[in-house]
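Residue numbers (our numbering): 1 to 129.
Quick reminder that beta carbons are idealized off the backbone N, C-alpha and C, glycines included.
I have placed the structure first, in the form of structure tokens, so that the comments after it can refer back to it.
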Amino acid sequence: GQEDFFDAGFRTAAQVTGCPPQMKLGLSTHAPEEAKRALRAAPDYIAIGPVFPTGTKPGRAAVTLDYVRWAAANVTLPWFAIGGINLSTLDSVVDAGARRICVVSAILNAPDIAAACGEFRQRLEQFEL
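Following this line, the structure appears as structure tokens:
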């Protein structure tokens, strides 16, 4: 996360060495100010979230679709919407401007993980992303 990165003394992604070249470095953000700070560090991508409350980040307030809309309008680097996204919230996240989406709980907590992945894929194919 962003805290780990900056607290470790890094200021730019280029300072992180020893990783395989195919590895991508991303930074988590929870507000426009954090996104701006992350973008100055020039990571490969940033994460926008959690968009909705999620069990993977207990106690973390949701950033809401307003932040997704802000990212869609202001972030040119690849970014991913993450956090609490499920089949019932997916359309609203895409409608807010997300073109890359991470889903954890809705897939890992599904009784059939492969079927859940298939459902998300089918739904996402309906959009022009």
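| Query | Result |
| --- | --- |
| Going by CA-CA distance only, name the one from 74, 48, 72, 73 that's closest to residue 62. | 48 |
| For residue 97 versus residue 72, is the C-beta distance shorter than 9 Å? | yes |
| Residue 79 bridges to which residues according to DSSP? | 46 |
| Using CA coordinates, which residue listed in 40, 32, 31 is at the minimum distance from residue 10? | 40 |
| Below 8 Å, can you find three or more Cβ-Cβ pairs linking the segment 80 to 93 to the segment 48 to 60? | yes |
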